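Per this note's numbering, residue 411 is the first one in the sequence shown, and the count goes up by one each step. Note that the Cβ used here is the ideal one computed from N, Cα and C, for glycine as well. It should be emphasised that the depicted structure is a prediction, and the values quoted were computed from it without experimental measurement. Written out below as structure tokens is the structure these notes cover.
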Amino acid sequence: MDEKGIFEKMEEKMKNSLQTTIQEFSNLRTNRPSPHILENVKVECYGSLVPLKQIASISNPTPRILVVQPWDISLIENIKKGILRANVGLSPESDKKIIRISIPQLDAKRREEIVKLAHQIAERGRVSIRNERREANECLLELEKEKKIGEDEKFKAKEMVQQITDKYIKQIDRVSEKKEEEIREV
411 MDEKGIFEKM EEKMKNSLQT TIQEFSNLRT NRPSPHILEN VKVECYGSLV PLKQIASISN
471 PTPRILVVQP WDISLIENIK KGILRANVGL SPESDKKIIR ISIPQLDAKR REEIVKLAHQ
531 IAERGRVSIR NERREANECL LELEKEKKIG EDEKFKAKEM VQQITDKYIK QIDRVSEKKE
591 EEIREV
């Protein structure tokens, strides 16, 4: 693999790490309820577990209520059980066609717990990106050992690797700060 291939592979993996981190953030609960907190709840459906978003539409018609509308109303009880099993701290109530979920205001203690979770998610994302940097630097050392690049080229390439790493870590930091603000918002 040449320098360009190393950069492309590293950047692709870093993009994936960033997207994974953003996805994990979207599952965290804030004071502004979002349908995202329920999308990946697993529901027993026709003999297998499937994400809720595949069997129902999820909306929030008012600031404190989420509405789950299954495409097959026979799944209402299974959806309620799935939401309760997911342990997201929500209590679903249903009528014959839809499930309503009242979202209570987060108390200060719960907000701080969620902020800690957000910090852990951000740190996992940063570690993943740093691991990609380490792999890229190891590949550059291999290229130098194989005499495919010189020492000067290796140092320039390592600087480029660090710049790309810094770019992705800053993006994770920005997303993390924004999520923390949303969580702390009363």
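| said: Is it the case that the region 501–512 contacts the region 464–480, given that we only count it when at least three CB pairs across the two stretches are under 8 Å? | reply: Cβ pair count under 8 Å is three or more, so yes.
| query | Should V571 go down as buried or exposed, given a rule of 16 or more other Cβ atoms within 10 Å for buried? | reply | By the C-beta density criterion, V571 is buried, having at least 16 other C-beta atoms within 10 angstroms.
| said: Alpha carbons only, please: which of P461, Q530, L476 is nearest the one belonging to K589? | reply: Comparing Cα-Cα distances from K589 to each of P461, Q530, L476, the minimum goes to Q530.
| task | Closer than 8 Å by C-beta to L485: which residues in its own chain qualify, once you throw out the five before and the five after it? Chain order, please. | result | Excluding residues within five positions, the ones whose Cβ falls inside 8 Å are V453, C455, I465, A466.
| query | Shortest alpha-carbon distance to P443 belongs to which of P514, T431, F417? | reply | Checking every option, the nearest Cα to that of P443 belongs to P514.
| task | Give me the Cα-Cα distance between I582 and K568, rounded to the nearest whole angstrom. | result | The alpha-carbon of I582 is positioned some 21 Å away from that of K568.
| Alpha carbon to alpha carbon, how far is R521 from E591? | Straight-line Cα distance between these residues: approximately 11 Å.
| From the DSSP output, which residues share a beta bridge with I475? | When beta bridges are read from the DSSP output, I475 appears opposite T472, S512.
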